[in-house]
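Counted from 1, the sequence shown has number 349 at position 324 by this note's numbering; the numbering is strictly sequential.
Glycine residues also receive a C-beta, built at the ideal position from the N, C-alpha and C atoms.
Have a look at the structure below before the remarks.
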Amino acid sequence: MTKLTEGADRETSIAPADGEALAERLLHSSGAGNGQLLVVFLCLCLNALDGFDITMMAVVASEVAQALQLSADRLGLVFSFALAGMMLGATLIAPLADRFGRRPVMLSCVLVVAVSMLMTAAATQLWHFLLLRLISGLGAGAIIASQAALTSEYSPERYRALSVAAATAGYPLGAVGTALVAGWVLPEHGWQGLFLLGGVVTLCFGLVCLRYLPESLKYLLVAQPVGALDSANRILDRLGLGTLTALPATGGEPGDEATPEHRQVASLLTPELRGRTLTLWTLFFFCFLALYFLQSWLPRLLETAGHDAQTARTAFLLFNLGGVVGIVVLGGLSLGFHLSRTIGLFLGVASGGMLCLAMLSANASAALVLALLVGFVLQGGFVGLYAVSAKAYPTSTRSTGIGWAVGVGRAGAVVGPLLVGYLISFGTGLTQTFLIFSVPLLMASVLALRFPVR
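Listed below in structure tokens is the structure:
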């Protein structure tokens, strides 16, 4: 029997169930305490820093293109290398969090992102940019997938989707910060100053995470690495949940965190998980394709439509501000409505909004309002997929499942900006470009409406 000491003189005996069941019981009994809220807040901030880093190129695209004399197709290549790095980080690095723990993987990747941003400020050639943006993307992609797993594992079942959505809302919040800070930094310090600022802030926040970011309690109880009991008890004490006298029994079945990565990935395609895995990969691909088309090119496209740089930056800000609100709203709706169907409705509206934005882009007021609306529904629905993924997989493969869904989907993020660069080079108009990218969103809407996750 495993015993949980509750306070000074009470003990609760727990049958030797698996670690996930024990962790769920503990989290359910505690509700959403300060310790869990701290995890959500730290993950939100990490996402915000990643959002600041990855979307920075959209804001400085004109300056960098002029400094390096880049054509539209080569500028698209710069966008795509960061996103390719995120794809590789999600598929190759994030699964390591199922083997070695969420915390060490996330802390290592924060350092990688910070150093690469600082070095980007000194880049003078195209290949410098491509390499450094690839490295930065590697770290960011792993962080985003791992934080979704960590946030999910510190949230009671009822609040899980809301918690994951709230933490992941940091990404568009960071993009909002990019648009705001750029107006202050660029005139005085240029695009180099923006990268320097981002690197320093990321490095400083990494020290905060080193002190306060805990390991996943579920990971410790399921994987049971060396020192798991002591680590779990420190976390339980911080949460005010007493301490364990022993770790729960473990069946040592294939697919747990001690299993090699290739077997964890293979477990995603077993008969019981194959359908949801392939659907999630498709959903993420379509959403990434449309989202990063707008995240990378929206300011530049509005400038080509005749608007000044300030209007283009304002549209980018509103697109991401709408995303923050949409993510929080969708997380709230998840408490009372079918999660995947709500996501489907959001993505359907986003598809229609992109068509309206294309047709009314010459009108500045309409373009700004529609950028806000599309950001609300597209990013709200997209981030909801992280919550769906967290609920679709067990602890033993959660980081791997989320990482591969995000990683495979990020192929769309790589293709999207690169495709736009070539479309512009071939003379494709603004309306036709938006039409092309609205179709995948419509298809994603249909898939999400049929996905069985509440």
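Let me make sure I understand the geometry here. Which of 246, 431, 328 has the alpha-carbon closest to that of residue 386?
By 1-based counting over the sequence shown, the position of residue 386 is 361. Looking at the Cα atoms, 328 is the closest of the given residues.
Kindly indicate which three-state DSSP category residue 367 falls into: helix, strand or coil?
As a working mapping, residue 367 is identified with position 342 in the sequence shown. Helix, per DSSP.
Is the number of C-beta pairs between the segment 352-359 and the segment 182-189 that are closer than 8 Å three or more?
Segments in contact, yes.
Compute the distance between the beta-carbons of residue 433 and residue 344, then report whether it is under 8 Å.
Position 408 of the sequence shown, counted from the start, is the residue given in the question as residue 433. Position 319 of the sequence shown, counted from the start, is the residue given in the question as residue 344. Between residue 433 and residue 344, the gap from beta carbon to beta carbon reaches 8 Å or more.
In terms of residues, what are the limits of the alpha helix (DSSP H) holding residue 178?
By 1-based counting over the sequence shown, the position of residue 178 is 153. Where residue 178 is concerned, the enclosing alpha helix (DSSP H) stretches over 151-178.
If we ignore side chains and look at the alpha-carbon of each, how far apart do residue 163 and residue 257 end up?
Residue 163 sits at position 138 when you count from the first residue of the sequence shown. Residue 257 sits at position 232 when you count from the first residue of the sequence shown. Looking at the two C-alpha atoms, the distance is approximately 29 Å.
Backbone CA spacing between residue 108 and residue 438 [nearest angstrom]
Start at 1 with the first residue of the sequence shown, and residue 108 comes out as number 83. Start at 1 with the first residue of the sequence shown, and residue 438 comes out as number 413. When rounded, the separation of the alpha-carbon atoms in residue 108 and residue 438 is 6 Å.
If you compare alpha carbons, which of 194, 75, 174 is closest to residue 401?
The count along the sequence shown starts at 1 and reaches residue 401 at position 376. The residue among 194, 75, 174 with its C-alpha nearest the C-alpha of residue 401 is 194.
Just to confirm before moving on: does the CB-CB distance between residue 132 and residue 235 stay below 8 Å?
Against the sequence shown, residue 132 aligns to sequence position 107. Against the sequence shown, residue 235 aligns to sequence position 210. Yes, Cβ-Cβ distance for residue 132 and residue 235 is below 8 Å.
To test your reading of the DSSP string, which unbroken beta strand (DSSP E) runs of 3 or more residues are found completely within the segment 55-86?
Those beta strand (DSSP E) runs which fall completely within the segment 55-86 and span 3+ residues do not exist here.
Burial state of residue 457, where buried means 16 or more other Cβ atoms lie within 10 Å:
Working through the sequence shown from its first residue, we reach residue 457 at position 432. Flag for residue 457 reads exposed.
Would you say residue 77 faces chain B, with C-beta separation under 8 Å as the test?
Protein chains in the displayed structure number just one, and chain B is not present.
Meets three-Cβ-pair contact criterion under 8 Å: the segment 113-128 and the segment 453-467:
When Cβ pairs closer than 8 Å are counted between the two stretches, the segment 113-128 is seen not to touch the segment 453-467, the count staying below three.
Helix, strand or coil for residue 189, going by three-state DSSP, please let me know.
As a working mapping, residue 189 is identified with position 164 in the sequence shown. Residue 189 falls in the helix class under three-state DSSP.
Considering residue 251, what are the terminal residues of the alpha helix (DSSP H) in which it resides?
Sequence index remark: in the sequence shown, residue 251 carries index 226 (1-based). From DSSP, residue 251 is part of no alpha helix (DSSP H); its letter is neither H nor E.
Name the two residues that bound the continuous alpha helix (DSSP H) containing residue 98.
Along the sequence shown, one-based indexing puts residue 98 at 73. Here the alpha helix (DSSP H) through residue 98 covers 97-113.
Ignoring anything shorter than 4 residues or poking outside the segment 430-478, list the alpha helix (DSSP H) runs there in chain order.
Secondary structure remark: continuous alpha helix (DSSP H) runs of at least 4 residues inside the segment 430-478, in chain order: 455-474.
Under a Cβ-count criterion, where at least 16 other Cβ atoms within 10 Å of its own Cβ denotes burial, should residue 361 be classed as buried or exposed?
Along the sequence shown, one-based indexing puts residue 361 at 336. The residue is exposed, with fewer than 16 neighbouring Cβ atoms inside 10 Å.
In its own chain, which residues sit with a C-beta less than 6 Å from the C-beta of residue 380, not counting the 5 before and 5 after it?
Against the sequence shown, residue 380 aligns to sequence position 355. So the qualifying residues of the chain are 463.
Just to confirm my understanding: we take residue 306, look at its own chain, exclude 5 residues before and 5 after, and list those with CB closer than 7 Å. What are they?
Position 281 of the sequence shown, counting from 1, holds the residue named residue 306. Here the set comprises 430, 433, 434.
Cα separation between residue 160 and residue 75?
Here residue 160 corresponds to residue number 135 of the sequence shown, with the count starting at 1. Here residue 75 corresponds to residue number 50 of the sequence shown, with the count starting at 1. Cα to Cα, residue 160 sits roughly 13 Å from residue 75.
Does the distance between the C-beta of residue 336 and the nearest non-hydrogen atom of the ligand MG fall short of 7 Å?
Looking at this structure, you won't find the ligand MG or any other ligand, since it has none at all.
Range covered by the alpha helix (DSSP H) that runs through residue 94:
As a working mapping, residue 94 is identified with position 69 in the sequence shown. Residue 94: not part of any alpha helix (DSSP H); DSSP gives it neither H nor E.
Could you say which of 425, 65, 178 lies nearest to residue 50 if we only look at CA atoms?
By one-based count along the sequence shown, residue 50 stands at place 25. Checking every option, the nearest Cα to that of residue 50 belongs to 178.
Consult DSSP for residue 330 and reduce its assignment to one of helix, strand or coil.
What you label residue 330 is simply residue 305 of the sequence shown in a count that begins at 1. In the three-state DSSP reduction, residue 330 falls in the coil class, being neither helix nor strand.
Hey, how far is the Cα of residue 426 from the Cα of residue 81?
For the purposes of this step, residue 426 is taken as the residue at position 401 of the sequence shown. For the purposes of this step, residue 81 is taken as the residue at position 56 of the sequence shown. In a straight line, the C-alpha of residue 426 is about 28 Å away from that of residue 81.
When burial is assigned at 16 or more other CB atoms within 10 Å of the CB, is residue 450 buried or exposed?
To locate residue 450, count along the sequence shown from 1; it is residue 425. That one is exposed.
CA-CA distance, residue 170 and residue 93?
Here the question's residue 170 lines up with position 145 in the sequence shown. Here the question's residue 93 lines up with position 68 in the sequence shown. Computed Cα separation, rounded: 33 Å.
Counting only the same chain and skipping the five closest in sequence on each side, list residues whose C-beta sits under 7 Å from that of residue 443.
Taking the first residue of the sequence shown as 1, we reach residue 443 at position 418. The answer, listed in chain order, is 101, 102, 105.
DSSP state of residue 386, grouped into three classes?
What you label residue 386 is simply residue 361 of the sequence shown in a count that begins at 1. Here residue 386 sits in coil by DSSP.
Member of 135, 207, 173 whose CA lies at the smallest distance from the CA of residue 414
Along the sequence shown, one-based indexing puts residue 414 at 389. Looking from the CA of residue 414, the closest CA among 135, 207, 173 belongs to 173.
Environment of residue 423 [buried if 16+ CB atoms lie within 10 Å]:
Counted from its first residue, the sequence shown places residue 423 at position 398. Of the other Cβ atoms in all chains shown, 16 or more fall within 10 Å of the Cβ of residue 423; this residue is therefore buried.
With residue 469 and residue 311 assumed to form a contact (beta carbons below 8 Å), what rounded beta-carbon distance in angstroms separates them?
Sequence index remark: in the sequence shown, residue 469 carries index 444 (1-based). Sequence index remark: in the sequence shown, residue 311 carries index 286 (1-based). Contact flag correct, Cβ pair sits at about 4 Å.
Rounded separation between residue 407 and residue 271 - CA only:
Position 382 of the sequence shown, counting from 1, holds the residue named residue 407. Position 246 of the sequence shown, counting from 1, holds the residue named residue 271. Pairing residue 407 with residue 271, the inter-Cα distance amounts to about 40 Å.
Return the CA-CA distance between residue 116 and residue 78, expressed in angstroms with no decimal places.
As a working note, residue 116 is residue 91 in the sequence shown. As a working note, residue 78 is residue 53 in the sequence shown. For residue 116 and residue 78, the distance between alpha carbons rounds to 20 Å.
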